[in-house]
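Note sheet for the following structure.
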Amino acid sequence: MTNNAQTSTSNPSDELLTFFKALSDSNRLRILGILANQPMSVEQLATALNLSASTVSHHLAKLSDAGLVSAKAEGYYNIYSLNQTALEEMSQRLLKKENLAQVAEPVDLESFDQKVVRDYLASNGKLKALPAQGKKLLAILRYIIQAFEIGKKYPEREVNEIIKKFHDDFASIRRYLIDYQFMQRENGIYWRIK
């Protein structure tokens, strides 16, 4: 039996989908729970779950494709058992932040920011208003912070002049840049940190 989940490590998105699809059915979760206690045949599982043998076989195939169960022939029957090691390894590996982030890589994460900036910029290049909604405000702050160099020290007067190019309420924007940790401040000196 080929283990598709373990052989498709080159595409984390496909492997995640296989893993989550295998776990997305209550009967499959119940099968895993039973097999966590003891190995069983299809017929035993069908009786325990009050399901047909063909339905249990279908669920076992999905779990097997994900590498969560394995079968061993005993006489005329296949005895299925939980692959506990694979379950723990896959959940730790697949659910790492960097692996989940790879799933979104084809998505243009900057498109929201670009749309917000387009919506809030006037023809003269200044902001029409500051967004009240937090996500939109963050998009505007990410846009404004690009005018500052990372690590360069700026006196408050220079920070105000740069921000005035975007909006007249430089004090609020300066405070937001500090509050949302785009910049830090000490003794009237500011610097961009991200």
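All the letters of the sequence shown, read from the start, carry residue numbers 9 to 202 under the working numbering.
Where is the CB? At the ideal position from N, CA and C, for every residue including glycine.
A contact between stretches requires three or more CB pairs, one per stretch, nearer than 8 Å, and the stretch 172–189 meets this requirement with the stretch 146–156. Exposed is the label assigned to Y84, since fewer than 16 other Cβ atoms lie within 10 Å of its Cβ. Nearest in C-alpha terms to S89, of all of L53, S60, L146, D22, is L53.
Looking only at K144, A130, N132, the smallest Cα-Cα distance to E118 is reached by K144. Under the three-pair Cβ rule at 8 Å, the stretch 161–170 does not count as touching the stretch 126–144.
A straight line joining the alpha-carbon of T55 with that of F190 spans about 60 Å. Between L31 and L57, the alpha-carbon positions lie close to 17 Å from each other. Under DSSP, M191 shares a beta bridge with R200. For N86, the uninterrupted beta strand (DSSP E) segment begins and ends at 85–90.
Rounded to whole angstroms, the Cβ separation of N86 and S49 is 7 Å, and the two are in contact under 8 Å.
The three-state reading of DSSP puts E157 in coil, since its state is none of H, G, I, E or B.
Rounded to whole angstroms, the Cβ separation of K80 and K29 is 24 Å, and the two are not in contact under 8 Å. Just so you know, the alpha carbons of E51 and T26 end up roughly 25 Å apart.
Below 8 Å, enough C-beta pairs join the stretch 61–76 and the stretch 94–101 to call them touching: three or more.
Spatial neighbours of K202 in its own chain (CB-CB distance under 8 Å, excluding positions within 5 residues in sequence) are listed in chain order as I153, I158, Q189, F190. Annotated as proximal: A147 and V124, with beta-carbon spacing under 8 Å. Collapsing the DSSP output to three states places A54 in a helix.
Counting the other CB atoms within 10 Å of its CB gives L43 a total of 16 or more, which places it among the buried residues.
Residues of the same chain with a CB within less than 7 Å of the CB of S60, apart from the 5 flanking positions on each side, are A54 in chain order. Classified as exposed, I197 has fewer than 16 neighbouring CB atoms from the shown chains inside 10 Å of its CB.
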